[in-house]
Structure formats: C-alpha cells, structure tokens
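Those sequence lines, one after another, are chains A, B, C and D. Residue numbering for the first sequence follows UniProt numbering, beginning at 1 and increasing consecutively. Residue numbering for the second sequence follows UniProt numbering, beginning at 1 and increasing consecutively. Residue numbering for the third sequence follows UniProt numbering, beginning at 1 and increasing consecutively. Residue numbering for the fourth sequence follows UniProt numbering, beginning at 1 and increasing consecutively. Below you'll find the structure, written out as structure tokens, and then a few comments.
4 protein chains.
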Amino acid sequence: MANKTAPDATRRSQRSRQAICEAALALVGETGYDKLTIEGIAARAGVGKQTIYRWWPSKGAVLLDAFTEGVQDGGGTLPDTGDLATDLKAVLRATVDEFNDPAFQAPYRALYVAMVNDSEVSAGFTSKVLEPGTRAYADRIRAAQEAGEVDPDADPELAAEMILSPFAQRWLLRSRPLTHAFTDRLVDQALAGLRPRRA
Amino acid sequence: MANKTAPDATRRSQRSRQAICEAALALVGETGYDKLTIEGIAARAGVGKQTIYRWWPSKGAVLLDAFTEGVQDGGGTLPDTGDLATDLKAVLRATVDEFNDPAFQAPYRALYVAMVNDSEVSAGFTSKVLEPGTRAYADRIRAAQEAGEVDPDADPELAAEMILSPFAQRWLLRSRPLTHAFTDRLVDQALAGLRPRRA
Amino acid sequence: MANKTAPDATRRSQRSRQAICEAALALVGETGYDKLTIEGIAARAGVGKQTIYRWWPSKGAVLLDAFTEGVQDGGGTLPDTGDLATDLKAVLRATVDEFNDPAFQAPYRALYVAMVNDSEVSAGFTSKVLEPGTRAYADRIRAAQEAGEVDPDADPELAAEMILSPFAQRWLLRSRPLTHAFTDRLVDQALAGLRPRRA
Amino acid sequence: MANKTAPDATRRSQRSRQAICEAALALVGETGYDKLTIEGIAARAGVGKQTIYRWWPSKGAVLLDAFTEGVQDGGGTLPDTGDLATDLKAVLRATVDEFNDPAFQAPYRALYVAMVNDSEVSAGFTSKVLEPGTRAYADRIRAAQEAGEVDPDADPELAAEMILSPFAQRWLLRSRPLTHAFTDRLVDQALAGLRPRRA
DNA sequence: CGCTAATCGAGACGGTACGTCCAGTCTTAAC
DNA sequence: GTTAAGACTGGACGTACCGTCTCGATTAGCG
Numbered sequence: 001m002a003n004k005t006a007p008d009a010t011r012r013s014q015r016s017r018q019a020i021c022e023a024a025l026a027l028v029g030e031t032g033y034d035k036l037t038i039e040g041i042a043a044r045a046g047v048g049k050q051t052i053y054r055w056w057p058s059k060g061a062v063l064l065d066a067f068t069e070g071v072q073d074g075g076g077t078l079p080d081t082g083d084l085a086t087d088l089k090a091v092l093r094a095t096v097d098e099f100n101d102p103a104f105q106a107p108y109r110a111l112y113v114a115m116v117n118d119s120e121v122s123a124g125f126t127s128k129v130l131e132p133g134t135r136a137y138a139d140r141i142r143a144a145q146e147a148g149e150v151d152p153d154a155d156p157e158l159a160a161e162m163i164l165s166p167f168a169q170r171w172l173l174r175s176r177p178l179t180h181a182f183t184d185r186l187v188d189q190a191l192a193g194l195r196p197r198r199a
Numbered sequence: 001m002a003n004k005t006a007p008d009a010t011r012r013s014q015r016s017r018q019a020i021c022e023a024a025l026a027l028v029g030e031t032g033y034d035k036l037t038i039e040g041i042a043a044r045a046g047v048g049k050q051t052i053y054r055w056w057p058s059k060g061a062v063l064l065d066a067f068t069e070g071v072q073d074g075g076g077t078l079p080d081t082g083d084l085a086t087d088l089k090a091v092l093r094a095t096v097d098e099f100n101d102p103a104f105q106a107p108y109r110a111l112y113v114a115m116v117n118d119s120e121v122s123a124g125f126t127s128k129v130l131e132p133g134t135r136a137y138a139d140r141i142r143a144a145q146e147a148g149e150v151d152p153d154a155d156p157e158l159a160a161e162m163i164l165s166p167f168a169q170r171w172l173l174r175s176r177p178l179t180h181a182f183t184d185r186l187v188d189q190a191l192a193g194l195r196p197r198r199a
Numbered sequence: 001m002a003n004k005t006a007p008d009a010t011r012r013s014q015r016s017r018q019a020i021c022e023a024a025l026a027l028v029g030e031t032g033y034d035k036l037t038i039e040g041i042a043a044r045a046g047v048g049k050q051t052i053y054r055w056w057p058s059k060g061a062v063l064l065d066a067f068t069e070g071v072q073d074g075g076g077t078l079p080d081t082g083d084l085a086t087d088l089k090a091v092l093r094a095t096v097d098e099f100n101d102p103a104f105q106a107p108y109r110a111l112y113v114a115m116v117n118d119s120e121v122s123a124g125f126t127s128k129v130l131e132p133g134t135r136a137y138a139d140r141i142r143a144a145q146e147a148g149e150v151d152p153d154a155d156p157e158l159a160a161e162m163i164l165s166p167f168a169q170r171w172l173l174r175s176r177p178l179t180h181a182f183t184d185r186l187v188d189q190a191l192a193g194l195r196p197r198r199a
Numbered sequence: 001m002a003n004k005t006a007p008d009a010t011r012r013s014q015r016s017r018q019a020i021c022e023a024a025l026a027l028v029g030e031t032g033y034d035k036l037t038i039e040g041i042a043a044r045a046g047v048g049k050q051t052i053y054r055w056w057p058s059k060g061a062v063l064l065d066a067f068t069e070g071v072q073d074g075g076g077t078l079p080d081t082g083d084l085a086t087d088l089k090a091v092l093r094a095t096v097d098e099f100n101d102p103a104f105q106a107p108y109r110a111l112y113v114a115m116v117n118d119s120e121v122s123a124g125f126t127s128k129v130l131e132p133g134t135r136a137y138a139d140r141i142r143a144a145q146e147a148g149e150v151d152p153d154a155d156p157e158l159a160a161e162m163i164l165s166p167f168a169q170r171w172l173l174r175s176r177p178l179t180h181a182f183t184d185r186l187v188d189q190a191l192a193g194l195r196p197r198r199a
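Shown next as structure tokens:
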C-alpha cells in the first residue's frame with residue numbers, strides 16, 4: 001500500500017547483509033564516522049549501492065545494525081556477591097578497560113555521532129544497547145535494596161544513571177582520563193551521598 | 001611552525017568574523033549540523049569561502065567560536081542561600097527550561113556532534129563552556145562543604161559531574177524527558193546517597 | 001592501460017551528450033572561449049559536471065566534439081568547371097563571407113585557442129577539420145595538374161597550404177581585413193608565381 | 001580626466017618592471033600560458049600584485065611587453081646576395097631551427113594564445129613583431145622586383161604572406177614537421193607558380 | 001524442473017559541497 | 001604616490017558522494 005513497493009525480505013541475500021555489516025565496521029574503524037560513505041561500504045563489501053539503500057535508510061542505521069549484530073545478548077546481568085560496592089566497582093573497572101581500547105572506541109564513538117544526528121538511530125541504540133546496560137545496573141541496585149543494603153527510598157534507575165553518565169560523558173568528551181580510581185570513587189560517593197553522617 | 005604561512009591576524013576583518021559567526025548560528029538553527037555547510041555560511045554572511053578557511057580549520061571550529069562569542073563570561077556563579085539542595089534545584093530547573101527550548105537546542109546539539117567528531121573542538125568546548133559550568137557547581141558544593149553542610153571527604157568536582165552528567169546524557173540521547181522532577185530527585189539522591197541512614 | 005577504470009561507453013546517455021554539445025556551442029558564442037566554463041556548460045545543459053568530466057578531458061575537447069558533430073562530412077569536394085582559378089576564387093569568396101560572419105567566428109576562434117593550448121585538441125581538429133579542408137583544395141589542384149593546367153612538378157598539397165594559410169593567418173590575427181579582392185589576388189599570384197614570364 | 005586617476009609613469013619602478021618581465025617569461029616557459037597567473041608572476045618577481053595591475057591590463061599584455069623587451073630591433077633586414085631564392089631559403093632555414101627549439105617555443109606559443117584571446121594583444125604583437133618580420137621579407141622581394149628578378153605585377157606583401165603563413169600555420173597547429181626541405185620547396189613554388197611554363 | 005519476478009553487482013546520471021586556486025579590488029605600513 | 005604585502009569578495013576548478021535510475025546476470029520460490 002506504500003507508494004514504494006516494499007522489498008521482499010524473504011529474498012534478501014544474507015551474504016550481502018553480512019558483507020555490508022563487516023565492511024561498515026571495518027571502515028568506521030579505519031576512517032571515522034564522517035568519512036564513512038555508503039559508496040565506500042558498497043565497494044568494500046563488493047555490493048551494489050542500491051542493495052544498501054534498499055534495506056537501510058541511512059549510514060547510521062547500517063552502523064547500528066552492524067554493531068548490534070554481535071552484541072544482541074541484551075546487556076546481561078551484574079554479579080551479585082552480596083556487596084554492592086564491590087560488584088559495581090568490578091564491573092566498572094572492566095568497562096573502563098574496554099573503553100580505553102582504541103579498537104573498540106572507533107565504532108562506538110561513531111555510533112554516538114550517528115545518534116546525536118539521527119533520532120531514529122538514537123532510539124534504536126538507546127533501546128538495544130544503552131537501556132539494557134543501565135537496567136542491568138538498576139537491577140543489581142534493586143537487589144541490594146531488597147537485601148536492605150540500600151535505602152528503600154532510593155531510585156535504582158536514577159542511581160544507575162548517576163554512576164554511568166559521568167563515565168559516559170568523560171569518555172565522550174575526552175575531558176578527563178578514564179581510570180579505575182575514578183570509577184571507584186564514583187561508586188563510593190554515589191553510595192555515601194554528600195551529606196555528612198554522624199559517626 | 002606551521003608549513004602554511006599563517007595569516008596576519010592584525011589585518012583580520014572583524015566585520016566578516018562577526019557576520020560568519022552570526023550566519024553559522026542562524027543556519028545551524030534552521031537546518032541542523034550535518035546540513036550546515038561552509039558554502040552556506042559564506043553565502044549567508046556575504047563572505048568568500050576562503051575567508052572562512054583562512055581562519056578556521058573546520059565548520060565545528062566556526063560553530064565553537066560562534067557559540068562562545070556571546071557566552072564568554074566563564075560560567076558565572078551559583079546562588080548561595082545557605083541551603084545547597086535548594087540552590088542546586090533552582091539552577092537545574094532553569095537549565096532544564098533552557099534545554100527544552102528548541103531555539104537553544106539546535107546549536108548546542110550541533111556542537112555536541114562537532115565535538116564527538118573532532119577532538120580539537122572537543123577540547124575547546126570542554127575548556128570554554130563545560131569546565132566553567134562544572135566548576136560553578138563544584139564551587140557551590142565546596143562552599144557548602146566549608147559550611148559543614150557537606151561531608152568533608154566528598155569530592156565536589158565529582159559531585160558536580162554526578163549531577164550534571166545524567167542531565168547531559170538524557171538531553172543528548174533524548175532517552176527520557178527532562179523535567180523539574182528529574183533534576184530535583186537527582187539533587188536529593190546525590191546528597192542522600194544510596195546507603196540507608198539510621199534515623 | 002589507463003589507471004582510472006574507463007567508463008562504460010555503451011551506457012552513455014546520448015541525451016546528455018547532445019545537450020552538452022549544444023550548450024558548449026551556445027555559450028562559446030555568447031561569452032568567448034576563456035569565459036567558457038565547465039560549470040557553465042553543465043548548468044546550461046542541465047547536466048552534472050561529472051558527466052562532462054567522465055567523457056571529456058578538457059573544455060577544448062568538448063568544444064571539438066561539439067564542433068565536429070555537425071560537420072562530419074569530411075570537408076567535401078571543390079567544384080570543377082575546368083578553370084582552376086575560377087573555381088578556387090569562388091570557393092574562397094564563399095569562405096571569406098563565412099569567416100566574416102560573427103556567429104561563425106566565435107566557436108571557430110575558440111577552437112583555435114583550445115588548439116594552441118592543447119596538443120590533443122590540436123591533433124583532433126587538424127585531422128577532423130583542417131586536413132579534409134586542405135585535401136579538398138589539393139585534390140582540385142591535382143585534377144588541374146592531370147588536365148595539364150598545372151605544372152607537373154608542382155606539389156598540390158603545398159599549393160593548398162600556400163593559399164589557405166595566408167587566409168587563416170589574416171583571420172586569426174585580425175591583422176588585415178578578409179576581402180574577396182584579397183583571396184582573388186592570392187589565387188592569381190599562387191598560379192602565376194613571382195618569376196617574370198616571357199610573354 | 002579619467003575616473004581612475006592614471007598612475008604617474010615618472011615614478012614607476014624600473015626595477016619592478018624588469019623583474020616582472022623576467023618572471024613572466026620564466027614562468028610561461030615552465031608552465032605554459034594558461035597556468036601563468038598574475039599572482040605567480042608577482043610572487044616570482046617579489047612584487048605586489050597591484051604593481052602589475054597598475055601598469056598592465058592583462059597577463060597577455062605583460063607577456064607581450066616581456067617578449068618585445070629584448071626584440072625591439074624592429075625585425076631587421078634580409079640579406080641580399082642578388083639571388084632571391086637563395087636568400088629566402090637561408091633565412092627560412094634559420095627560422096626553422098629557431099622554432100624547433102623548445103626553449104623558444106613556449107613563450108612564443110603563449111603569445112599566440114594571448115593574441116587569439118585578446119585583440120589588444122593581437123594588435124600589439126602584430127605591429128611590433130609580426131608586421132616588421134613580414135615587411136623585411138616584402139622589402140627583400142621588392143628589391144628583387146626592382147632588379148628585374150621578380151614580375152613587376154607581383155605584390156611583394158602578399159608574396160611574403162604566402163611564404164610565411166604556411167610556415168606559421170604548421171608550427172602553430174603542429175600539423176606537419178617544420179623542415180628545411182619544406183621551406184625550400186615553399187620558396188621554389190612561390191617563385192615558380194603553378195602554371196606550367198613553356199620550356 | 002523450468003518460469004518468472006525480485007534482488008543482485010555495477011555504475012551512469014543530476015546534483016551539492018568540498019577544499020583549493022586565482023581574479024581583481026582594497027587597505028596598510030614603509031619608503 | 002608608489003611600493004610589497006596580503007586580506008577581501010567572488011567564482012571556477014576538479015573530486016567525492018549523495019540518492020535515483022537503469023542495465024543485464026543471477027537466483028530464489030511457485031507453479
């Protein structure tokens with residue numbers, strides 16, 4: 001009923017789809033997001049341009065698909081040793097290491113650009129990658145709350161944001177280095193709050 | 001140092017500089033960052049393209065200059081009524097309103113894109129706009145700390161990041177609405193921390 | 001052979017080719033060769049610049065193609081009334097009129113410029129336009145030679161050059177007016193030679 | 001009285017004039033006419049652009065000045081041994097050698113381009129360089145005429161054109177090689193004419 | 001198992017913007 | 001008042017991609 005007859009997904013070439021995703025990831029790693037071109041992806045993938053335009057609306061969408069291809073597990077779950085601070089610190093330290101790896105940075109940063117430009121990609125990336133990540137933290141905090149380790153009035157979702165966002169901003173803006181010390185203090189201060197405690 | 005002989009800044013036309021900055025801001029508001037073109041800016045400003053290329057390395061840099069032109073006050077200071085929570089909430093509520101204004105969003109969002117792409121712009125924007133903003137919060141928190149309102153072990157800089165970053169992320173990713181309720185709870189939870197308090 | 005993969009000529013748009021040639025001729029007539037621009041041709045023809053660059057190496061080459069498009073007959077033949085002088089004079093008088101027509105001058109003069117600059121164009125124009133023209137004269141002279149009207153030792157090719165070149169030079173340099181009297185005397189003197197004849 | 005106050009020629013820097021002419025000749029030899037730029041000449045001559053624009057209307061005019069600077073003798077005179085054919089052949093052979101010298105070709109060819117484009121340059125070059133050259137030939141032919149060696153009805157000016165123009169055209173169009181044999185036959189045929197002579 | 005319609009690789013097309021080069025004008029400071 | 005220097009507006013250069021469009025040549029699913 002659309003004026004453009006929709007393509008028949010059952011006939012879609014998985015071979016091409018795969019090649020396009022791989023080419024997109026490879027190229028974005030080599031040249032950065034804004035030098036990533038549809039023509040470049042098509043050439044690298046040995047594919048006609050139309051095959052990309054047929055199935056994706058923008059290069060951001062290709063990148064999102066390519067990125068979520070391998071990471072569709074949904075974000076997973078945080079460990080629960082019974083000590084919230086320890087668990088959060090451990091996971092954040094691992095994440096710090098991941099984000100300091102140049103090979104990982106390029107496509108991830110590219111996706112951020114795509115996202116800020118394009119609210120479709122923004123929605124997709126948020127729901128497929130970011131939300132599950134935040135939820136994993138919130139779940140772990142909620143578990144601690146149920147165990148009495150966390151104030152019942154606290155909002156676990158908000159708490160997750162307060163821990164993850166400073167991390168994300170630092171990485172995104174390269175304003176300050178991402179270190180284990182930083183994430184450790186982040187957890188400590190989120191737990192302790194600013195108000196003085198009576199000994 | 002530079003292999004291209006640097007232009008003589010003393011002969012620079014302030015008239016053109018002004019016109020370029022205004023055109024850049026106007027256009028980015030009308031069309032968004034990725035449709036912002038050097039040619040467009042030049043045409044709007046009634047200026048030769050070369051005059052832009054002579055003085056700025058990229059459209060991101062132009063935008064940064066244009067943006068910081070009117071906002072060079074350094075971030076200012078937060079009010080101090082003696083009650084930290086009240087002051088933070090008041091300022092954040094105002095900021096929420098500002099960031100929900102579409103007229104303000106476009107250039108600011110554009111700068112974010114420019115920043116993620118270009119580490120030069122990133123450094124400039126961080127040091128000229130973001131750092132002073134964060135410092136204003138940190139200063140207010142430090143003042144509260146000296147007044148005994150905040151735990152002496154807390155880190156005011158980190159506290160400022162924990163309050164501002166969730167705000168920035170929400171705005172950037174459009175993941176959840178920016179409301180006064182959100183920022184109020186943000187302040188409360190930052191102050192209280194997660195750990196339960198003995199009444 | 002070529003390092004740039006050659007375009008596929010079978011898929012070439014004849015519509016565009018035609019429009020480009022017409023636009024080039026029209027523009028060169030309106031503005032002259034050095035104000036003729038590829039951009040101008042493309043705009044006038046309603047064509048992308050790349051379509052010109054894909055098929056022609058320079059604006060001179062476009063002009064050559066445009067010019068030879070309508071004149072591919074090969075130069076034709078001169079009339080043969082049995083009297084060489086009469087025939088040569090008649091044809092030259094017609095050519096004088098043609099070259100004094102401003103509408104004809106512009107593209108022809110433009111081609112001369114293109115030619116002097118660019119030896120490719122030079123070769124093309126010479127072989128497609130000038131050689132056939134000269135040959136037509138040489139053929140007529142050879143016919144006269146075979147009829148005993150011309151000295152058997154004379155070189156018809158050279159004779160053609162001696163008649164046509166002074167004509168071309170005068171036109172090219174605008175040094176002296178092109179008149180019927182001039183070409184008449186040219187023919188007479190070429191036939192008679194300089195040496196006195198015992199009558 | 002002109003709206004642009006004419007520059008005061010008495011204050012003109014001969015130093016600059018000299019440098020500009022030398023730079024123009026050097027550059028045209030290195031890069032060809034159409035890559036010759038006013039900026040390039042100014043830079044090479046260590047001169048401001050305005051100094052060129054003040055004194056010359058176009059790059060063709062500069063080139064013409066530069067070229068005629070060293071050749072202001074007026075064309076000179078042809079030798080007169082009493083045998084016209086011998087004298088003409090000798091001079092033409094020398095000219096052939098000159099025009100086959102690449103170092104001489106470039107600026108001369110450049111001037112031709114300038115000329116075809118620009119009727120001012122055309123007039124200047126014709127009157128300062130070409131006319132005197134042609135006149136020298138015409139004078140020698142006229143002398144022969146007075147000596148009875150040439151038909152009294154022949155036109156020496158036209159005869160000079162008939163000898164020099166084929167030469168010029170061949171060189172200009174690179175259509176055929178310039179050789180001694182060619183110019184020798186040119187002279188012979190111009191003298192003999194086409195019509196058969198009774199032995 | 002062959003038919004037929006959609007997808008495929010390829011790439012020409014009309015366009016837009018790029019970043020560079022130069023034209024020709026104007027301004028400044030040195031002489 | 002001319003000069004060297006060079007910033008200015010303007011515009012064409014030749015290149016790179018955009019997104020659309022046509023081409024055969026596969027290639028899948030249905031008959």
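We put the CB at the ideal spot given by N, CA and C, even for glycine. Just so we're clear, the structure is a prediction, and the values are computed from it rather than from any experiment.
Task: chain C residues whose Cβ lies nearer than 8 Å to that of Q189 (chain D) - done: A154, D155, L158, A159, M162 and G193
Task: Separation of L27 (chain C) from A43 (chain D), as counted between CA atoms - done: 34 Å
Open item on the list: I need the straight-line Cα distance from A190 (chain A) to P196 (chain B), nearest angstrom please.
Closed with: 12 Å
- [ ] Tell me, to the nearest whole angstrom, how far the beta carbon of P107 (chain C) is from that of L25 (chain C); I am working on the premise that it is less than 8 Å.
- [x] 6 Å
Open item on the list: Please tell me whether P196 (chain C) has its Cβ less than 8 Å away from any Cβ of chain D.
Closed with: yes
Open item on the list: Using CA atoms only, rank isn't needed, just tell me which of B:F125, B:D118 and B:S165 is closest to Y137 (chain B).
Closed with: B:S165
TODO: Report yes if the CB atom of T179 (chain A) is closer than 8 Å to the CB atom of V96 (chain A), and no otherwise.
DONE: yes
TODO: Quick one: using the 10 Å Cβ neighbour count with 16 as the cut-off for buried, is Y112 (chain B) buried or exposed?
DONE: buried
Task: Residues within the UniProt domain "HTH tetR-type" (14-74) of chain B neighbouring chain A, beta-carbon criterion of under 9 Å - done: G32, Y33 and D34
Open item on the list: I'd like to know if P177 (chain B) contacts chain A, where contact means its C-beta is closer than 8 Å to some C-beta of that chain.
Closed with: no
Task: Buried/exposed call for D118 (chain C), threshold 16 Cβ in 10 Å - done: buried
Open item on the list: Taking 8 Å as the cut-off, does the segment 76-95 of chain D touch the segment 140-158 of chain D (at least 3 CB pairs, one atom from each stretch)?
Closed with: yes
- [ ] Measure the C-alpha to C-alpha separation of F104 (chain D) and E161 (chain C) and round it to an integer number of angstroms.
- [x] 24 Å
Task: A2 (chain D) versus G148 (chain D): straight-line alpha-carbon distance, rounded - done: The predicted model places A2 (chain D) with a pLDDT of 43, which falls under 50 and marks its position as unreliable; any figure quoted below should be read in that light. Distance between the alpha carbons of A2 (chain D) and G148 (chain D): 55 Å.
Task: Inter-residue Cα distance where the pair is R185 (chain D) and L130 (chain D) - done: 22 Å
Open item on the list: Taking the alpha-carbon of L78 (chain C) as reference, which of C:L92, C:A114, C:T126 and C:R15 has the nearest alpha-carbon?
Closed with: C:L92
TODO: Could you tell me which chain D residues have their CB closer than 8 Å to the CB of Y112 (chain C), listed as they occur along the chain?
DONE: V116
Task: Closest Cα partner of C21 (chain C) within the set C:A6, C:A61, C:P7 and C:G32 - done: C:A61
Task: Coil, strand or helix - A181 (chain B) by DSSP - done: helix
Open item on the list: So that I know if they touch, is there some Cβ in chain D lying closer than 8 Å to that of P97 (chain C)?
Closed with: Here residue 97 (chain C) is Asp; the residue named in the question, Pro, does not match the sequence. It does not; no Cβ of chain D falls within 8 Å.
Open item on the list: Let me confirm a value: A181 (chain A) is counted as buried when at least 16 other C-beta atoms fall within 10 Å, else exposed. Which label applies?
Closed with: exposed
Task: Reduced DSSP secondary structure (H/G/I, E/B, other) of L158 (chain A) - done: helix
Open item on the list: Is there a C-beta anywhere in chain B that falls below 8 Å from the one on T126 (chain A)?
Closed with: yes
Open item on the list: Could you check whether the Cβ of P107 (chain D) sits closer than 7 Å to any heavy atom belonging to the ligand GDP?
Closed with: This structure lacks the ligand GDP, and indeed carries no ligand of any kind.
Open item on the list: Quick check on this structure: which residue in D:G40, D:E39, D:A114 and D:E69 has the alpha carbon closest to the alpha carbon of Q14 (chain D)?
Closed with: D:E69
Open item on the list: Quick check on Q169 (chain A): buried or exposed, where buried means 16 or more other Cβ atoms within 10 Å of its Cβ?
Closed with: buried
Open item on the list: If I follow the unbroken alpha helix (DSSP H) through G93 (chain D), where does it start and stop?
Closed with: For the record, residue 93 (chain D) in the displayed sequence is Arg; it is not Gly. Unbroken alpha helix (DSSP H) run through R93 (chain D): L84 to F99.
Task: Listed by chain order, chain D residues near A168 (chain C) by CB distance under 8 Å - done: S165 and Q169
Task: Minimum length 4: unbroken alpha helix (DSSP H) runs contained in the UniProt domain "HTH tetR-type" (14-74) of chain C - done: 14-31, 38-45, 49-55 and 59-70
Open item on the list: Please list the terminal residues of the continuous alpha helix (DSSP H) segment that includes T134 (chain C).
Closed with: E131 to E146
TODO: Decide if Q18 (chain B) is buried, meaning its Cβ has at least 16 other Cβ atoms within 10 Å, or exposed.
DONE: exposed
Open item on the list: 8 Å is my cut-off, CB to CB: does D151 (chain C) come that close to chain D?
Closed with: yes
Open item on the list: Please confirm whether residue 202 (chain A) has its beta-carbon closer than 8 Å to some beta-carbon of chain B.
Closed with: For chain A, the structure presents residues 1 to 199; residue 202 (chain A) sits outside this window and is missing.
Open item on the list: Rounded to whole angstroms, what is the Cα-Cα separation between A199 (chain A) and D151 (chain B)?
Closed with: Summary for A199 (chain A): the model assigns pLDDT 46, below 50, so the residue's position carries little reliability; its value from the coordinates is reported in the next sentence. Answer to the nearest angstrom: the Cα atoms are 11 Å apart.
Open item on the list: Taking the straight line between their C-alpha atoms, what separation do you get for E146 (chain B) and G133 (chain B)?
Closed with: 20 Å
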